[in-house]
Amino acid sequence: MKKNFSLDNLYYILSTTCTILFASIVLAIIVSLLWNSRASLKHFGLSFFTSPHWNIPIFEVSNISTDFDENKITIYFTAPLKENQTPEVILYKDSIKQNIKVDTQQRSITVISDAILQKGAYKLIIPKELQDIYSFSMPYTAEWHGIIHKKTIISQKLTDSQGNSIQISSDENYRNFGILSFVVGTVLSSLLALLIGFPLALASALCLTEFLSPRSAITLIFSALVDLLAGIPSVIYGLWALFFIVPKLGANLLTASLVLSVMTIPYAASLIREAIALVPMQLKLAGSALGASRFKIITQIILPYARSGIVAGILLTLGRALGETLAVTMVIGNRNQIPTSLFSPTQTIASLIANEYGEASGLKQSALIEAGLVLIIITLIFSLLGKCIIHQTNKNPVPKEGP
49 MKKNFSLDNL
59 YYILSTTCTI
69 LFASIVLAII
79 VSLLWNSRAS
89 LKHFGLSFFT
99 SPHWNIPIFE
109 VSNISTDFDE
119 NKITIYFTAP
129 LKENQTPEVI
139 LYKDSIKQNI
149 KVDTQQRSIT
159 VISDAILQKG
169 AYKLIIPKEL
179 QDIYSFSMPY
189 TAEWHGIIHK
199 KTIISQKLTD
209 SQGNSIQISS
219 DENYRNFGIL
229 SFVVGTVLSS
239 LLALLIGFPL
249 ALASALCLTE
259 FLSPRSAITL
269 IFSALVDLLA
279 GIPSVIYGLW
289 ALFFIVPKLG
299 ANLLTASLVL
309 SVMTIPYAAS
319 LIREAIALVP
329 MQLKLAGSAL
339 GASRFKIITQ
349 IILPYARSGI
359 VAGILLTLGR
369 ALGETLAVTM
379 VIGNRNQIPT
389 SLFSPTQTIA
399 SLIANEYGEA
409 SGLKQSALIE
419 AGLVLIIITL
429 IFSLLGKCII
439 HQTNKNPVPK
449 EGP
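Read in order, the letters of the sequence shown are residues 49 to 451 in the numbering used here.
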């Protein structure tokens with residue numbers, strides 16, 4: 049006998065399909081990140097997680113000259129290696145005695161070199177048919193046969209500060225990437241933001257649900273403001289911090305944590321308010337009938353009953369803080385170091401990816417993808433930790449008032 053196909057069966061099929069699809073998407077993202085970070089995983093191993101150094105050398109060019117004829121372009125760089133040097137502007141003087149200014153803030157030698165060759169001074173001395181073929185892939189003194197093949201490197205060598213030429217076969221072995229400082233910056237900024245913002249979010253949620261009439265004009269206005277603040281784009285918070293906080297405190301860990309806390313307070317308050325709203329009115333009325341004060345009703349009835357929802361709200365807020373990118377990038381200082389105080393500039397994993405990925409290739413790109421994978425793992429760790437906390441709190445019954 050055939051069973052009738054009901055709506056319940058349809059809902060079951062749709063829900064199961066959506067669950068499998070969602071799980072497949074998450075698994076595909078993780079697998080793709082693992083695959084694209086395999087070069088970094090193979091090259092660095094565990095040192096990628098324990099090393100605080102992210103070496104992307106910036107080279108100050110002390111001498112530059114250019115020769116060309118009909119068939120050959122020769123461009124000479126003398127670039128003494130100076131690690132951790134990030135000058136805002138370097139002056140380059142070309143062979144026709146014209147100064148060229150190139151912005152090197154947070155830029156690799158590849159981008160610096162390409163920027164130099166796009167300047168008008170070089171276009172004056174290089175034939176027009178060759179102006180689209182110069183490209184540098186490493187810091188070196190290089191000679192180009194531009195006519196023969198685009199971007200063909202004839203020789204590449206690095207000249208150190210003593211004038212000694214060092215042959216470099218690949219920059220893959222030259223660079224050293226480690227994300228310990230970024231992991232520390234990510235965790236510290238998020239936890240500090242949560243520490244600052246959670247008491248304010250809890251107070252806001254209790255005020256809106258317990259101390260103000262749910263239908264009063266003040267409650268409606270405050271609720272609308274909280275929802276509005278939760279929907280403001282992060283770049284607006286970043287601009288606000290640049291104008292009002294950074295001039296006083298500087299770009300550092302504390303500033304980033306303050307901005308994150310301001311961003312996450314409305315989000316956390318909305319989640320906590322929803323959890324508190326689920327507390328049965330009968331419990332509150334029973335507490336009032338027994339003569340309990342408002343403080344005891346909140347601390348011994350409302351908060352214990354809503355603790356699972358509150359913890360879940362904290363976890364969602366923490367996850368948002370861990371992945372916040374733009375506002376944090378604007379105010380954290382973007383320094384590749386482990387912060388030694390609240391006023392130390394540092395960097396998060398999200399801001400690292402935002403700053404570096406546009407210029408990344410090869411091993412550096414693989415390292416950035418692995419950093420993104422680490423950020424997912426950190427978020428999962430905090431999520432599992434929160435689930436354990438929720439499980440433990442649910443084991444304990446709501447405390448009862450003594451006789």
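Quick reminder that beta carbons are idealized off the backbone N, C-alpha and C, glycines included.
No experiment lies behind these values; they were computed from the predicted model shown.
{"query": "8 Å Cβ cutoff met for residue 384 and residue 229", "result": "yes"}
{"query": "Alpha helix (DSSP H) segment containing residue 258, residue limits", "result": "Neither: residue 258 is in no alpha helix (DSSP H) and is coded neither H nor E."}
{"query": "Cβ pair count under 8 Å reaching 3, the region 330-343 against the region 266-273", "result": "no"}
{"query": "For residue 396, three-class secondary structure by DSSP", "result": "coil"}
{"query": "Top-ranked residue by Cα proximity to residue 279, from 253, 297, 311 and 227", "result": "311"}
{"query": "Test item: CB-CB of residue 323 and residue 361 under 8 Å", "result": "yes"}
{"query": "Residue 391 (DSSP reduced to helix, strand or coil)", "result": "coil"}
{"query": "N- and C-terminal bounds of the alpha helix (DSSP H) containing residue 385", "result": "Neither: residue 385 is in no alpha helix (DSSP H) and is coded neither H nor E."}
{"query": "Whole-angstrom distance between residue 65 and residue 72, CA atom to CA atom", "result": "10 Å"}
{"query": "Cα-Cα separation between residue 394 and residue 261, rounded to whole angstroms", "result": "44 Å"}
{"query": "Residue 274, enclosing alpha helix (DSSP H) - first and last residue", "result": "265-278"}
{"query": "Proximity to residue 392 [Cα-Cα], best of 238, 301 and 89", "result": "301"}
{"query": "Given 8 Å, three or more beta-carbon pairs between the region 431-439 and the region 351-365", "result": "yes"}
{"query": "Segment contact, 8 Å Cβ cut-off, at least three pairs: the region 367-385 with the region 284-292", "result": "yes"}
{"query": "Distance between residue 76 and residue 98 (C-alpha atoms, nearest Å)", "result": "27 Å"}
{"query": "Delimiting residues of the alpha helix (DSSP H) encompassing residue 303", "result": "301-325"}
{"query": "Whole-angstrom distance between residue 93 and residue 43, CA atom to CA atom", "result": "With the chain covering only 49 through 451, there is no way to say anything about residue 43."}
{"query": "Nearest residue (CA-CA) to residue 389, options 232, 57 and 56", "result": "232"}
{"query": "Rounded C-alpha distance that separates residue 256 from residue 264", "result": "10 Å"}
{"query": "Span of the alpha helix (DSSP H), counted from its first residue to its last, around residue 295", "result": "294-297"}
{"query": "Buried or exposed (CB count within 10 angstroms, at least 16 for buried), residue 420", "result": "buried"}
{"query": "Buried or exposed by the 16-neighbour rule on C-beta atoms within 10 Å, applied to residue 328", "result": "exposed"}
{"query": "Where residue 86 falls, given that 16 or more other Cβ within 10 Å makes a residue buried", "result": "exposed"}
{"query": "Proximity winner among 396, 266 and 374, relative to residue 227 (alpha-carbon distances)", "result": "396"}
{"query": "Reference residue 386, options 102, 355, 294 and 405, closest by Cα", "result": "102"}
{"query": "Contact belief for residue 313 with residue 81 at Cβ below 8 Å, rounded distance in angstroms", "result": "Going by Cβ atoms, the distance from residue 313 to residue 81 rounds to 31 Å, so no, they are not a contact pair."}
{"query": "Where residue 192 falls, given that 16 or more other Cβ within 10 Å makes a residue buried", "result": "Residue confidence for residue 192 is low, a pLDDT of 29 falling below 50, so the modelled location carries little weight; the figure read from the coordinates is stated next. By the 10 Å Cβ count, residue 192 comes out buried."}
{"query": "CB of residue 293 within 8 Å of CB of residue 306, strictly", "result": "yes"}
{"query": "Nearest-angstrom Cα separation, counted from residue 259 out to residue 249", "result": "15 Å"}
{"query": "Beta-carbon separation (whole angstroms), residue 315 vs residue 368, contact threshold 8 Å", "result": "6 Å"}
{"query": "Within 8 Å, strictly: CB atoms of residue 356 and residue 308", "result": "no"}
{"query": "Nearest residue (CA-CA) to residue 353, options 330, 410, 375 and 373", "result": "330"}
{"query": "According to DSSP, residues forming a beta bridge with residue 102", "result": "225"}
{"query": "Of the residues 428, 333, 83 and 372, the one placed nearest residue 401, counting alpha carbons only", "result": "372"}
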